[in-house]
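>
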Amino acid sequence: MDQLWRDYKTYLHLRYGQRVYRIGLDGGFSCPNRTASRGGGCIYCDAKGSSAVYQRRDESRYNRSSAFVENIDQLGKPEPSLSLEDRKRSLTAQIRHGSDFLDTRYPDSAKSIYFQAFTSTYDEPEVLKQLYDHALQTGEYRELIVSTRPDCLEDPIVGLLASYRQRVDAVWVELGLQSGNDATLRWIGRGHTVSDYLDACERLHAAGIEISTHVILGFPLEGDAEILNTAKVIAQSHPEAIKIHNLHVVAGTRLYERYLAENLAVSDMGEHARQTILLLRHIPADIVIQRFLSDTPSHRLAAPRDFGDKNTFVTALRNEMVRLGATQGDAL
Ligand code: SF4
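Have a look at this one:
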């Protein structure tokens, strides 16, 4: 391999011959795992639902104490219900805002539609179709990318997603696995198992849908053996891409309460680089690495607070892999 890992930017350029950027969208979805009967969501669930930073127009309302109050208030309650027409209107506005941002910052690049926030397949297939159609009819897009959970991909939804392969170059599902260990998934309160994830991957791949698997490194109850197990699950399911996150403790989450009460340790940059290299060496070399770090606005991030920025991390990672003579997949 001429690269230490399969880099996303290079991959996109080779595939499309141009730069491609995503317009991250909030389609007004909730998440089945955030209901009170499921315990209020994943332990780290952030009420902002992972929306793109440039779409968080109300971000200034949040800080490390107000986010706590607002987030705890929302856990276990249904999301405010918007009508379908309101959701479409909101999508139009978000796409306009996202397009303007990308056109200014990256002129002459192509765009993809990315339903990013919460669980973007958590609705009736007819409603999903209207929302996806509405977003795609606003312009020319390379990819439709939909972020979801393994337990929200019933066959009619997989069929609907596959139908968009006629319309865009690729349909992707961003699929939360987070850990390849069921004990960790229970600790997180994920509400699904590793085998649910494997089943979803099999059905998505059979339908020609590409997968980006999300994993988190740095859970307090995970050591190297658990990370190697996650790598095995990734190798077995063989997604086209992965996104690696470092565990972030965000104000207002249940993880934040446990972090304070139990003095939980959170990986610093050196430890996250070490765990990232361990994972990379044990996954197939053809899997594209789309991300290495979580992205939380610093005023809401409780820990880690002294982690460097993305470029510093990637440089440190690269230097350490060169020092070790390590490359993605070399330990398989
Ligand atoms: S799947 Fe995502 S949106 Fe749902 S509870 Fe977990 S973190 Fe929150």
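Just so you know, we're using the working numbering here: the sequence shown kicks off at 769 and counts up by one. Quick reminder that beta carbons are idealized off the backbone N, C-alpha and C, glycines included.
Sorry if obvious, but does the Cβ on Cys969 come closer than 7 Å to a heavy atom of the ligand SF4?
no
> Quick check on Pro924: buried or exposed, where buried means 16 or more other Cβ atoms within 10 Å of its Cβ?
exposed
> Suppose you measure from the CA of Glu1030 to the CA of Tyr1024; what does that come to, to the nearest Å?
Approximately 10 Å, taken between the alpha carbons.
> May I ask which residues mark the beginning and end of the beta strand (DSSP E) holding Gln946?
First-last of the beta strand (DSSP E) with Gln946: Ala938 to Gln946.
> Do you know offhand how far Thr872's Cα is from Val1056's?
27 Å
> Name the two residues that bound the continuous alpha helix (DSSP H) containing Ser867.
Leu852 to Arg873 is the span of the alpha helix (DSSP H), which, as asked, contains Ser867.
> Hey, out of Gly957, Arg1073 and Leu943, whose CA is closest to Ala885's CA?
Leu943
> May I have the straight-line CA-CA distance separating Arg790 from Ser858, to the nearest angstrom?
17 Å
> Considering only residues of the same chain and omitting the five flanking positions on each side of Ala835, which have a CB-CB separation below 6 Å?
Because the pLDDT of Ala835 is 35, which lies under 50, any placement of that residue in the model is unreliable, and the question is left without a value.
> Please report the straight-line C-alpha distance between Ala878 and His960, rounded to a whole angstrom.
Take the alpha-carbon of Ala878 and the one of His960: they are about 35 Å apart.
> Could you tell me the alpha carbon to alpha carbon distance between Gly809 and Ala1033, rounded to whole angstroms?
22 Å
> Using the Cα positions of Ser931 and Asp775, report the straight-line distance between them to the nearest angstrom.
28 Å
> According to DSSP, is Gln898 helix, strand or coil?
Here Gln898 sits in helix by DSSP.
> Between Asn801 and the ligand SF4, is the CB less than 7 Å from at least one heavy atom?
yes
> Taking the alpha helix (DSSP H) that His973 belongs to, which residues open and close that run?
DSSP places His973 inside the alpha helix (DSSP H), whose first and last residues are Val962 to Ala974.
> Alpha carbon to alpha carbon, how far is Leu904 from Arg1091?
45 Å
> Under a three-way DSSP split, which group does Leu1100 fall into?
Coil at Leu1100, not helix or strand.
> Quick one: give me the first and last residue of the alpha helix (DSSP H) that Thr778 is part of.
Tyr776 to Tyr784 is the extent of the alpha helix (DSSP H) around Thr778.
> For Lys777, count the other beta carbons within 10 Å of its own beta carbon; 16 or more makes it buried, fewer makes it exposed. Which is it?
Here Lys777 is exposed, its C-beta having fewer than 16 other C-beta atoms within 10 Å.
> Among Ala968, Pro988, Lys1000 and Pro875, which has the Cα closest to the Cα of Arg746?
The requested residue 746 is not part of the displayed model; the chain covers only 769 to 1100.
> The ligand SF4 heavy atoms versus the CB of Phe886: any closer than 7 Å?
Look at Phe886: its beta carbon is less than 7 Å from one of the heavy atoms in the ligand SF4.
> Output needed for Leu782: all residues of its chain with C-beta closer than 6 Å, excluding positions within five of it in sequence on either side, in chain order.
If you ignore the 5 residues before and after Leu782, its C-beta comes within less than 6 Å of no other C-beta in its own chain.
> Tell me, to the nearest whole angstrom, how far the beta carbon of Val939 is from that of Ile977; I am working on the premise that it is less than 8 Å.
5 Å
> Using alpha carbons as the reference points, say which of His1006, Arg802, Ile984 and Ser947 lies closest to Ala974.
His1006
> What is the rounded straight-line gap between the Cα of Phe1060 and the Cα of Trp955?
Cα to Cα, the separation comes out at about 23 Å.
> Leaving out the 5 sequence neighbours to the left and right, which residues in its chain are closer than 7 Å to Ala1070 when beta-carbon positions are compared?
Arg832, Val1017, Val1018, Ala1019, Tyr1024 and Tyr1027
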